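The letter at position 42 of the sequence shown is residue 45 when you use our numbering, and the numbering goes up by one with no holes. The C-beta atom is built at its ideal place from N, Cα and C for all residues, glycine as well. Treat the numbers as computed from the prediction; the structure is a model and nothing was measured.
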Amino acid sequence: MHLSCSEPAVRALYAHLFLIAFLILVFPASIYAALNRVDMGGHEMGPMYLLARAPLQLLLIGWAYWFAVRRRPRGGG
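Structure follows, in structure tokens:
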């Protein structure tokens, strides 16, 4: 059985994988901005907001991996 990109399951897998890649790529930027006190444009918590959301980003990466990659059915059934 050949899977094309037009099938919903394949599109969903690609969407999850790109979400994981995006979250991994922006994670270092959030840490850098928090440690170097980059201004958040008037946010109350300032740069600490970025550091506080780092665990949330890790949780979202794990969540996307769990539902997109780990729980995918194996085989042709």
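Please state the DSSP three-state secondary structure of residue i.
i: Val41; result: coil
i: Arg56; result: coil
Express the C-alpha separation of residue j and residue i in angstroms, rounding to a whole number.
i: Ala71; j: Arg56; result: 22 Å
i: Pro11; j: Tyr17; result: 10 Å
i: Val41; j: Met51; result: 10 Å
i: Met4; j: Leu59; result: For Met4, the predicted structure reports a pLDDT of 47, less than 50, and the residue's modelled location is therefore unreliable. The matter cannot be settled from this model.
i: Tyr35; j: Val13; result: 34 Å
i: Asn39; j: Phe30; result: 14 Å
i: His21; j: Ala37; result: Here residue 21 is Phe; the residue named in the question, His, does not match the sequence. Distance between the alpha carbons of Phe21 and Ala37 is about 24 Å.
Would residue i and residue j be called neighbours here (beta carbons separated by less than 9 Å)?
i: Leu26; j: Leu63; result: yes
Leaving out five residues before and five after residue i in sequence, what residues of the same chain have Cβ atoms less than 7 Å from its Cβ?
i: Tyr68; result: Ile23
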